[in-house]
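Participant:
Protein chains in written order, with the working numbering: chain W, 1 to 151; chain L, 152 to 196.
Right, dumping it as structure tokens:
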């Protein structure tokens with residue numbers, strides 16, 4: 001579990017512990033009727049419930065954002081020392097071309113069982129080709145396709 | 152294939168591992184255990 005997840009859990013425990021402490025104080029007050037005790041306890045319960053739900057919602061949002069941002073980092077096409085927009089566009093164009101080649105060869109749409117089983121070999125052949133020729137775009141496209149397919 | 156590509160690319164591996172960890176954490180929060188745990192803690196609220 002991540003530090004952030006642990007922190008959220010600790011926050012939740014602290015809210016509940018504080019609520020329980022306050023409820024205990026009210027319960028121990030013998031000057032109050034049972035009805036008066038319940039009237040004082042209810043706001044503490046309501047407040048704790050809202051706080052815990054807010055903590056959980058924030059934690060859920062943090063996890064979703066972590067997936068989004070790390071996915072972008074993992075799939076980012078490096079543009080190296082490219083300075084101008086035109087140079088970066090050329091890099092992306094090269095990547096898109098390689099990506100299309102890889103996706104065409106490893107398409108699973110309507111593929112037979114035999115073809116599905118051979119996709120790993122196809123990716124291996126493409127990675128061989130990328131490494132032999134030094135084609136970084138092809139290598140990156142194979143890697144991204146492998147992530148998609150869990151290969 | 153993924154591991155073969157990442158073997159000689161430590162920076163790319165670090166990015167992949169961060170992504171995989173974030174995915175696993177997000178998925179674990181939706182798992183059956185989490186649903187059960189939340190049901191219990193909802194009850195104590």
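Each residue gets a CB set at the ideal place from its N, CA and C atoms; glycine is no exception. Quick caveat, the model's predicted, so the values are computed rather than measured.
Answer with yes or no whether the minimum CB distance from residue 158/L to chain W is below 8 Å.
Facilitator: Output row for residue 158/L: interface = no.
Participant: From 17/W, 89/W, 65/W, pick the residue whose C-alpha is nearest to that of residue 47/W; which is it?
Facilitator: Residue 47/W has its Cα closest to that of 17/W, out of 17/W, 89/W, 65/W.
Participant: Between the Cα of residue 52/W and those of 84/W, 65/W, 115/W, 10/W, spot the shortest distance and give me the residue it belongs to.
Facilitator: With distances taken between Cα atoms, residue 52/W lies closest to 10/W.
Participant: Going straight from the alpha carbon of residue 85/W to that of residue 112/W, what length do you get?
Facilitator: Cα to Cα, residue 85/W sits roughly 42 Å from residue 112/W.
Participant: Quick check: is the beta carbon of residue 2/W nearer than 8 Å to any beta carbon in chain L?
Facilitator: Interface residue, yes.
Participant: Which residue wins for smallest C-alpha separation from residue 23/W, given the options 42/W, 132/W, 14/W?
Facilitator: Measuring from the Cα of residue 23/W, the nearest candidate turns out to be 42/W.
Participant: If you reduce the DSSP assignment to three classes, tell me which class residue 152/L lands in.
Facilitator: If DSSP states are grouped into helix, strand and coil, residue 152/L belongs with coil.
Participant: For the alpha helix (DSSP H) containing residue 36/W, name the first residue and the last one.
Facilitator: Taken as a continuous stretch (DSSP letters only), the alpha helix (DSSP H) holding residue 36/W covers 34 to 75.
Participant: Cβ closer than 7 Å: which chain L residues qualify as neighbours of residue 95/W?
Facilitator: By Cβ distance, chain L contributes nothing, its closest Cβ being about 14 Å from residue 95/W, past 7 Å.
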